[in-house]
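Q:
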Amino acid sequence: MAEKLEFARFPTPDGENGWWESLPPAAPVRQVVSGKQYDWVVIGGGITGLCAARRLAELAPDASIALLEADRIGRSTAGRNSGFFVDLPHDISSESYSHSVEADQADVRFQRHGIDYVRTLVQQHGIDCDWRDDGKFHAAVSRKGEAALQHFADGLERIGEDFKWLDQAAIGRVTGSGFYHRAIFTPGCSTVQPAALMRGLATSMPANVQVFEMSPVRDITSQPDGHVLRLDGGQIRARRIILCTNAYAASFGLQHNGLLPVYTFASLTRVMTAQEVQQLGGQVSWALIPADPMGTTVRRLSTNRICVRNHFAFRPGVSVSAADLARAKRLHQRSFDRRFPMLPGVELQYTWGGALCLSANNGVLFGKRENNIYQAIGCNGLGLSRGSTSGKLIAEFALGQDSSLLRQVQEIPLPRPLPPRPLMDIAVSTAIWAKEKAAGTEL
Ligand SMILES: Cc1cc2nc3c(=O)[nH]c(=O)nc-3n(C[C@H](O)[C@H](O)[C@H](O)COP(=O)(O)OP(=O)(O)OC[C@H]3O[C@@H](n4cnc5c(N)ncnc54)[C@H](O)[C@@H]3O)c2cc1C
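Going by our numbering, the final residue of the sequence shown carries number 442, and the count climbs one at a time with no gaps.
1. Following the continuous alpha helix (DSSP H) through H331, name the residue where it begins and the one where it ends.
2. Is E15 near ligand 1, in the sense that its beta carbon is under 6 Å from a heavy atom of that ligand?
3. Taking C356 as part of the beta strand (DSSP E), name the residues at either end of that continuous run.
4. Just list the residues that DSSP pairs D166 with in beta bridges.
5. Between L381 and T272, what straight-line distance do the alpha-carbon atoms span, to the nearest angstrom?
6. If you draw a straight line from the alpha carbon of S214 to that of G78, how long is it in whole angstroms?
7. Let me make sure I understand the geometry here. Which of V117, I235, A147 has the alpha-carbon closest to that of M204?
8. Using only the heavy atoms of ligand 1, determine whether one of them is closer than 6 Å to the beta carbon of C378.
9. Could you spell out the range, first to last residue, of the beta strand (DSSP E) harbouring Y37?
10. Shorter than 7 Å from the beta carbon of Y37 to some beta carbon of chain B?
11. Taking the straight line between their C-alpha atoms, what separation do you get for I35 and L300?
12. Can you tell me where the beta strand (DSSP E) holding A262 begins and where it ends?
13. Going along the chain, which residues of its own chain have a beta-carbon closer than 6 Å to the beta-carbon of F311, five neighbours each way excluded?
14. Is D153 helix, strand or coil when you go by DSSP?
15. Grab the span of the alpha helix (DSSP H) containing I114 for me, first residue to last.
16. Which one of P416, G386, E346 has the shortest CA to CA distance from E454?
17. Tell me the rounded alpha-carbon separation between A375 and G171.
18. Tell me the residue span of the alpha helix (DSSP H) that contains V210.
19. Compute the Euclidean distance between the alpha carbons of L404 and Q277, then round it to the nearest angstrom.
20. Can at least three beta-carbon pairs, one atom from the region 112-130 and one from the region 172-179, be found at a separation below 8 Å?
21. Would V41 and A51 qualify as a contact pair, given that the criterion is a beta-carbon distance under 7 Å?
22. Check whether the Cβ of G43 sits closer than 6 Å to any heavy atom of ligand 1, and report yes or no.
23. Tell me T443's beta-bridge partners as DSSP assigns them.
24. For D218, which of helix, strand or coil comes out of DSSP?
25. Does the beta-carbon of V216, which I'm using as the reference point, lie nearer than 6 Å to any heavy atom of ligand 1?
26. Specify, as a first and last residue, the run of the alpha helix (DSSP H) that R54 falls within.
27. Residue range of the alpha helix (DSSP H) that A249 falls in?
28. Any contact between the region 303-310 and the region 335-350? By contact I mean 3 or more CB pairs, one from each, below 8 Å.
Here it is in structure tokens:
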């Protein structure tokens with residue numbers, strides 16, 4: 000009997016993605032042509048889908064593979080983030096951080112696997128995306144933030160990872176800002192211009208992968224001999240499918256799958272003048288994560304722009320309003336002014352939002368669904384590194400491979416069931432509000 004999978008959520012503009020807007024114009028869109036048939040179709044051209052399609056092509060060079068993206072590759076979420084390929088456990092203030100040395104070390108291995116995979120591709124194909132292996136700073140402003148840093152340092156010591164403490168003067172010499180009181184430097188994080196990376200990964204695909212943009216899949220009808228994918232201009236057929244649609248896969252009501260689309264927002268300044276660069280001081284490029292996870296992430300870019308990210312909002316429809324963006328911009332401006340009082344005239348040129356795909360227990364959807372479709376969904380905030388690994392692994396899994404990392408990802412639980420709406424909306428939004436309030440000056 001034919002089974003149907005319908006897609007309910009699709010990307011919307013959600014502000015102007017500064018990473019995308021500040022790149023040279025993209026090549027013209029190539030849309031999928033109705034009536035074609037492929038051995039594999041990967042749905043979703045974020046980091047997970049890009050790595051899944053690439054790995055399929057590496058392992059099955061004779062297979063025909065189509066990668067379908069509803070938006071432009073690099074303009075959607077994977078090209079909207081702060082560009083940190085994080086190698087270490089992330090939520091440093093969480094009670095569960097470092098609950099088990101083995102679990103944390105396994106997470107680090109998992110994340111580094113993806114980072115190494117993508118770094119190699121960037122090098123092999125000369126992808127121009129400002130890839131940097133310069134590490135990151137975790138910085139604190141308040142006593143509470145400093146306590147979170149100490150907790151982080153204790154965890155890093157337990158798992159045998161390198162780090163270095165910086166006092167206020169030392170972190171000031173890096174950032175040019177006197178705002179931060181203390182910081183920890185960890186060397187293993189890579190940073191990137193995310194829109195440039197996604198575009199580069201798409202344009203350097205092996206010859207047996209065809210990449211199609213502005214090609215949203217509306218539904219899939221599965222039959223024993225394959226699948227029919229309905230698109231706006233017709234339909235195509237696929238023998239096998241991999242879903243990498245992250246937050247867009249969230250479903251609620253009776254069909255709920257435990258995925259929580261939570262937006263976060265970023266802004267990019269205009270290019271600073273030579274005089275402003277001098278007023279700021281510090282290093283030409285650095286990347287900083289707040290001690291409190293609800294605080295403000297900041298990057299200074301070699302293009303003389305500054306990127307700030309903060310604020311979360313639960314948006315089950317996976318889109319945000321003009322009011323959401325205006326509020327985010329106000330918060331970004333306040334955070335920017337606190338950190339960079341020496342740059343009073345540097346405006347935020349672009350502000351945008353993008354959806355993380357969280358779950359209450361850091362669960363993921365990885366493996367094979369009932370209708371014979373594979374999936375790697377649920378970035379839980381660390382999508383660049385974890386999505387790279389999961390995308391690569393889902394292709395290996397679908398082609399019958401086995402590895403310790405594959406067994407590791409299969410042990411991650413499914414997303415925990417959530418209370419029904421509107422109870423869930425109230426619970427998630429209240430938790431975000433309370434945590435943001437508690438972040439205080441770290442925001
Ligand atoms: C402001 C911000 C800052 C962030 N900072 C970081 C960071 O520094 N480091 C980090 O690791 N993560 C960060 N993230 C999270 C990171 O962007 C995500 O974890 C990552 O994009 C997940 O990758 P993905 O490929 O799994 O999903 P996505 O990037 O969401 O890709 C899914 C793709 O599927 C497409 N799609 C959905 N439905 C369909 C359909 N029916 N047909 C065709 N295509 C479809 C979507 O358009 C989308 O491009 C940040 C996110 C935001 C918004």
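Ideal Cβ positions, reconstructed from N, Cα and C, are used throughout, including at glycine.
A: Quick look at the numbers:
1. Boundaries of the alpha helix (DSSP H) around H331: 321-338.
2. no
3. 347-357
4. Residue pairing by DSSP puts D166 in a beta bridge opposite R181.
5. Approximately 33 Å between the Cα atoms of the pair.
6. 17 Å
7. V117
8. yes
9. Per DSSP, the continuous beta strand (DSSP E) segment holding Y37 begins and ends at 36-42.
10. Considering every chain present, this structure includes no chain B. It has just one protein chain.
11. The sequence shown places Lys at residue 35, not Ile. Distance between K35 and L300, taken at the CA atoms: about 43 Å.
12. Per the sequence presented here, residue 262 reads as Tyr, with Ala not at that position. Element bounds for Y262: 259-268.
13. In chain order, V261, T263, I431 place their CB closer than 6 Å to the CB of F311, counting only its own chain and leaving out the 5 sequence neighbours on each side.
14. helix
15. 100-124
16. This structure gives no information on residue 454, because the portion of the chain shown stretches from 0 to 442.
17. In a straight line, the C-alpha of A375 is about 40 Å away from that of G171.
18. Run containing V210: none in the alpha helix (DSSP H); it sits in the beta strand (DSSP E), 208-211.
19. 47 Å
20. no
21. A distance below 7 Å separates the beta carbons of V41 and A51.
22. yes
23. One cannot answer for residue 443 here, as it falls past the ends of the chain, which runs 0 to 442.
24. strand
25. yes
26. Annotation: the continuous alpha helix (DSSP H) that includes R54 extends over 46-58.
27. That residue, A249, is in no alpha helix (DSSP H); it is neither H nor E in DSSP.
28. yes
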